[in-house]
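In what follows, a structure is listed as structure tokens, so that the remarks can point back to it.
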Amino acid sequence: MKMKVFKFDVDEAFAKQHNEMLRDSRRLLVSGLLLGGLLLIAGILVAVFVQPIWSITVGLGLGLFGIMMAIVGVAGSRKVGTAQQLYDRYPLAPAVIAKVNERDMVIMALVNSATDPNAEPRPALALRTVSNIPGLEHKKKGAQIPVAAVTGRLQRNSSGPDTWAQISPMPIAWGTPDPEVVRVARTSIPHEQWAKLQKNIERLEDVQKTRMDLLHLD
-19 MKMKVFKFDV DEAFAKQHNE MLRDSRRLLV SGLLLGGLLL IAGILVAVFV
31 QPIWSITVGL GLGLFGIMMA IVGVAGSRKV GTAQQLYDRY PLAPAVIAKV
81 NERDMVIMAL VNSATDPNAE PRPALALRTV SNIPGLEHKK KGAQIPVAAV
131 TGRLQRNSSG PDTWAQISPM PIAWGTPDPE VVRVARTSIP HEQWAKLQKN
181 IERLEDVQKT RMDLLHLD
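See below:
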């Protein structure tokens, strides 16, 4: 189950509008800066207007914590990078719609959780709830969606190779308005991977019970 990066020219303006992962990154940046600014202001006000001597310590603590929150927001946003960098960094994987809700849908992807791409593959099922996938005509269970498997947290294993503890499916359709690019990505995925994913589509609840929406299949 070797997975390779699918190379294509990302439309950055289109991705900025539709890529929900980038949207989450922007929210993290804004939240970090806003919370950091509020804490910094609160720290200054406490240090200046509260009389007890300990107010300086509290104010300094609030100010430093505010600065730290702002740094976390900026660092988290920069770590994500541009849409092109994301698609160039993470491997192509098959995904399907596992559940359709009134306002969103849950997509399930078959991913490789092994941290070493050259090691023995560790197949797993990963979930992500999305609100929209451009170009998707029929939002129905089982619809095929090629994605990039974006890795997150690392899981250290004392009894075996390290694996990823978090993997988030990112639709190729979030990066381009060209349906031909999406079609090529979909057909680039081996049939046996699609078949294995379809075979496990009913395991949605099993995946949802995991801490990071990632269920190892072996």
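All residue numbers for the sequence shown refer to this note's numbering, where the first residue is -19 and numbers rise by one. Ideal Cβ positions, reconstructed from N, Cα and C, are used throughout, including at glycine. This structure is a prediction, so every number in the text was calculated from the model and none was measured.
Taking one C-beta from the segment 84 to 101 and one from the segment 118 to 128 each time, how about it: are there three or more such pairs within less than 8 angstroms?
yes
If you follow the beta strand (DSSP E) that residue 167 is part of, which residue opens it and which one closes it?
The sequence position of residue 167 within the sequence shown is 187, counting from 1. From DSSP, residue 167 is part of no beta strand (DSSP E) but of the alpha helix (DSSP H) over 159 to 168.
Among -13, -10, -11, 62, whose alpha-carbon lies nearest the alpha-carbon of residue 2?
What you label residue 2 is simply residue 22 of the sequence shown in a count that begins at 1. Closest option to residue 2, Cα to Cα, is 62.
Would you mind sorting residue 191 into buried or exposed? The rule is 16 or more other CB atoms within 10 Å of its CB.
Here the question's residue 191 lines up with position 211 in the sequence shown. It is exposed - the Cβ of residue 191 has fewer than 16 other Cβ atoms within 10 Å.
Can you list the alpha helix (DSSP H) stretches of 4 or more residues lying completely in the segment 59 to 110, in chain order?
63 to 69
Determine, using beta carbons only, whether residue 193 and residue 106 come nearer to each other than 8 angstroms.
Residue numbering aside, residue 193 sits at position 213 when the sequence shown is read from its first letter. Residue numbering aside, residue 106 sits at position 126 when the sequence shown is read from its first letter. Yes, these two residues count as a Cβ contact at 8 angstroms.
Residue -4 versus -18, 157, 146, 176, residue with shortest Cα-Cα distance:
Residue -4 sits at position 16 when you count from the first residue of the sequence shown. For the residues -18, 157, 146, 176, the minimum Cα distance to residue -4 belongs to 157.
Throw me the rounded Cβ distance for the residue 73 and residue 116 pair, which I believe falls under 8 angstroms.
Position 93 of the sequence shown, counting from 1, holds the residue named residue 73. Position 136 of the sequence shown, counting from 1, holds the residue named residue 116. 17 angstroms between Cβ atoms; not a contact.
Going straight from the alpha carbon of residue 101 to that of residue 144, what length do you get?
Here residue 101 refers to the residue found at position 121 when the sequence shown is read from its first residue. Here residue 144 refers to the residue found at position 164 when the sequence shown is read from its first residue. Their Cα atoms are separated by approximately 12 angstroms.
If you measure between the beta carbons of residue 108 and residue 149, is that distance less than 8 angstroms?
The residue labelled residue 108 in the question sits at position 128 within the sequence shown. The residue labelled residue 149 in the question sits at position 169 within the sequence shown. Going by C-beta atoms, residue 108 is nearer than 8 angstroms to residue 149.
Terminal residues of the continuous alpha helix (DSSP H) containing residue 173?
By one-based count along the sequence shown, residue 173 stands at place 193. Its alpha helix (DSSP H) spans residues 171 to 179.
Rounded C-alpha distance that separates residue -12 from residue 98
The residue you call residue -12 lines up with position 8 of the sequence shown. The residue you call residue 98 lines up with position 118 of the sequence shown. Approximately 23 angstroms, taken between the alpha carbons.
Span of the beta strand (DSSP E), counted from its first residue to its last, around residue 128
What you label residue 128 is simply residue 148 of the sequence shown in a count that begins at 1. Per DSSP, residue 128 belongs to the beta strand (DSSP E) from 124 to 131.
Tell me which same chain residues have a C-beta within less than 6 angstroms of the C-beta of residue 67, skipping the five on either side of it?
Walking along the sequence shown from the start, residue 67 turns up at place 87. Correct list, in chain order: -10, 128, 155.
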